[in-house]
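Asker: Chains as they are written, first to last, in this note's numbering: chain R, 114 to 226; chain A, 5 to 112.
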Amino acid sequence: KAGVTQTPRYLIKTRGQQVTLSCSPISGHRSVSWYQQTPGQGLQFLFEYFSETQRNKGNFPGRFSGRQFSNSRSEMNVSTLELGDSALYLCASSLENLQETQYFGPGTRLLVL
Amino acid sequence: GQNIDQPTEMTATEGAIVQINCTYQTSGFNGLFWYQQHAGEAPTFLSYNVLDGLEEKGRFSSFLSRSKGYSYLLLKELQMKDSASYLCAVTGFQKLVFGTGTRLLVSP
């Protein structure tokens with residue numbers, strides 16, 4: 114089976130812009146979750162999607178949003194980018210929920226200038 | 005809320021044994037994961053403990069004490085390729101919370 118894929122792998126944006134990141138889960142996996150990883154804060158949970166619905170949400174502002182499509186692919190959007198949004202954004206998938214092993218994609222490295 | 009503590013960095017020599025500790029305080033607990041993350045790569049699954057006790061998987065073992073809010077990852081016969089960050093993560097109340105990770109440096 115192919116692993117979790119994320120596009121793009123690298124992005125450079127400027128403050129105030131918006132960005133959309135894409136994640137394709139492992140075939141058959143219906144739970145997709147998103148994380149932000151920075152050197153200071155580590156891996157922080159953004160949200161989880163299941164059956165096209167956001168099921169869980171971390172403590173991030175409303176500028177961070179996402180959606181999931183019927184084929185379980187997911188997108189994450191960040192609006193009005195800030196310098197502090199520079200980070201590695203990781204997507205992970207599992208069969209059903211967060212209590213199972215999460216399989217991570219390679220991540221999208223976002224740099225906000 | 006949930007709080008997870010791990011040492012920031014540890015060093016060890018090839019062939020040795022190292023224990024990476026993780027303590028947590030949570031308002032809900034289902035289980036505890038350990039993930040390994042090499043620099044520039046995605047985290048990969050190592051272990052998942054739900055019940056108290058030791059789970060052994062080859063050179064790696066993981067221990068959990070739910071009453072003490074404590075876990076450790078034990079790495080035996082260290083190899084250079086074990087140099088990586090080790091992330092402890094707690095799942096509960098439909099959230100997955102990661103610690104900031106322990107960077108392990110293995111020297112010859």
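No residue lacks a Cβ here, since even glycine has one placed at the ideal position from N, Cα and C.
Every value quoted in this text rests on a predicted model; they were computed, and no experiment measured them.
1. DSSP puts R/Phe-256 in a beta bridge; with which residues?
2. Quick one: what's got a C-beta closer than 6 Å to R/Gln-167's C-beta in the same chain, skipping five residues either side?
3. What does DSSP give as the partner residue(s) for R/Ser-183 in the beta ladder?
4. Would the region 14-33 of chain A and the region 41-49 of chain A be scored as touching if the rule is three or more Cβ pairs under 8 Å?
5. Just grab the DSSP bridge partners of A/Gly-35 for me.
6. How would you label R/Gln-154, buried or exposed, when you count the other beta carbons within 10 angstroms and need 16 or more for buried?
7. Between the region 61-74 of chain A and the region 138-145 of chain R, do at least 3 Cβ pairs fall closer than 8 Å?
8. Could you work out which residue in A/Ile-8, A/Val-22, A/Asn-7 is closest to A/Met-14 when comparing CA atoms only?
9. Throw me the rounded Cβ distance for the A/Gly-24 and A/Leu-82 pair, which I believe falls under 8 Å.
10. Alpha carbon to alpha carbon, how far is A/Glu-59 from A/Asn-53?
11. What is the rounded straight-line gap between the Cα of A/Ser-51 and the Cα of A/Ile-8?
12. List the whole-angstrom C-beta distance separating R/Tyr-202 from R/Leu-223, where the pair is believed to meet the contact cut-off of C-beta under 8 Å.
13. Tell me the DSSP secondary structure of R/Asp-198 in three-state form.
14. Figure out for me which residue from A/Arg-63, A/Ser-87, A/Ala-20, A/Tyr-39 has the closest Cα to the Cα of A/Thr-104.
15. Quick check on A/Gln-98 - is its C-beta less than 8 Å from some C-beta in chain R?
16. Helix, strand or coil for A/Lys-72, going by three-state DSSP, please let me know.
17. Pull out every residue of the region 75-99 of chain A whose Cβ sits closer than 7 Å to any Cβ of chain R, in chain order.
18. In its own chain, which residues sit with a C-beta less than 7 Å from the C-beta of A/Asp-86, not counting the 5 before and 5 after it?
19. Give me whichever residues DSSP pairs with A/Asp-9 in a beta bridge.
20. Given A/Gly-73, which residues of its chain have a CB within under 7 Å of its CB, disregarding the five upstream and five downstream residues?
Answerer: Taking the coordinates as given:
1. Residue coverage of chain R in this structure runs from 114 to 226, which leaves residue 256 of chain R outside it and unanswerable.
2. As a working mapping, residue 167 of chain R is identified with position 54 in the first sequence. So the list reads Phe-160, once near-sequence residues are dropped.
3. Counting from one through the first sequence, the residue named residue 183 of chain R turns up at place 70. Per DSSP, none; premise fails for R/Ser-183.
4. Between the region 14-33 of chain A and the region 41-49 of chain A there are fewer than three C-beta pairs closer than 8 Å, too few to call the two in contact.
5. On the second sequence, position 31 is the one that residue 35 of chain A refers to. DSSP links A/Gly-35 through a beta bridge to A/Thr-95.
6. Looking up residue 154 of chain R in the first sequence gives position 41. An exposed status is given to R/Gln-154, since fewer than 16 other beta-carbon atoms sit within 10 Å of its beta-carbon.
7. Between the region 61-74 of chain A and the region 138-145 of chain R there are fewer than three inter-stretch CB-CB distances shorter than 8 Å, so the stretches are not counted as touching.
8. As a first step, residue 14 of chain A is located in the second sequence; it is residue number 10 there, counting from the start. Ranking A/Ile-8, A/Val-22, A/Asn-7 by Cα distance to A/Met-14 puts A/Val-22 first.
9. Translated into the one-based positions of the second sequence, residue 24 of chain A becomes position 20. Translated into the one-based positions of the second sequence, residue 82 of chain A becomes position 78. In the sequence under discussion, the amino acid at residue 24 of chain A is Ile, which differs from the Gly named in the question. Not quite, the Cβ-Cβ distance comes to about 12 Å (not below 8 Å), so this is no contact.
10. The residue you call residue 59 of chain A lines up with position 55 of the second sequence. The residue you call residue 53 of chain A lines up with position 49 of the second sequence. In a straight line, the C-alpha of A/Glu-59 is about 7 Å away from that of A/Asn-53.
11. Sequence index remark: in the second sequence, residue 51 of chain A carries index 47 (1-based). Sequence index remark: in the second sequence, residue 8 of chain A carries index 4 (1-based). C-alpha separation (whole angstroms): 17 Å.
12. As a first step, residue 202 of chain R is located in the first sequence; it is residue number 89 there, counting from the start. As a first step, residue 223 of chain R is located in the first sequence; it is residue number 110 there, counting from the start. Between R/Leu-223 and R/Tyr-202 the Cβ distance is about 6 Å, and since that is below 8 Å, they are a contact.
13. Residue numbering aside, residue 198 of chain R sits at position 85 when the first sequence is read from its first letter. The answer is helix: DSSP assigns R/Asp-198 an H, G or I state.
14. Position 100 of the second sequence, counted from the start, is the residue given in the question as residue 104 of chain A. Among A/Arg-63, A/Ser-87, A/Ala-20, A/Tyr-39, the Cα nearest to that of A/Thr-104 belongs to A/Tyr-39.
15. Here residue 98 of chain A corresponds to residue number 94 of the second sequence, with the count starting at 1. Closer than 8 Å: yes.
16. If you number the second sequence from 1, residue 72 of chain A lands on position 68. Three-state DSSP puts A/Lys-72 in coil, outside helix and strand.
17. Leu-91, Thr-95, Gln-98, Lys-99
18. In the second sequence, counting from the first residue as 1, residue 86 of chain A sits at position 82. Same-chain partners within the cutoff: Leu-79, Leu-108, Val-110.
19. As a first step, residue 9 of chain A must be located in the second sequence, where it is residue number 5. Paired residue(s): A/Thr-27.
20. Against the second sequence, residue 73 of chain A aligns to sequence position 69. Within the same chain, A/Gly-73 has close Cβ partners Thr-27, Tyr-28, Gln-29.
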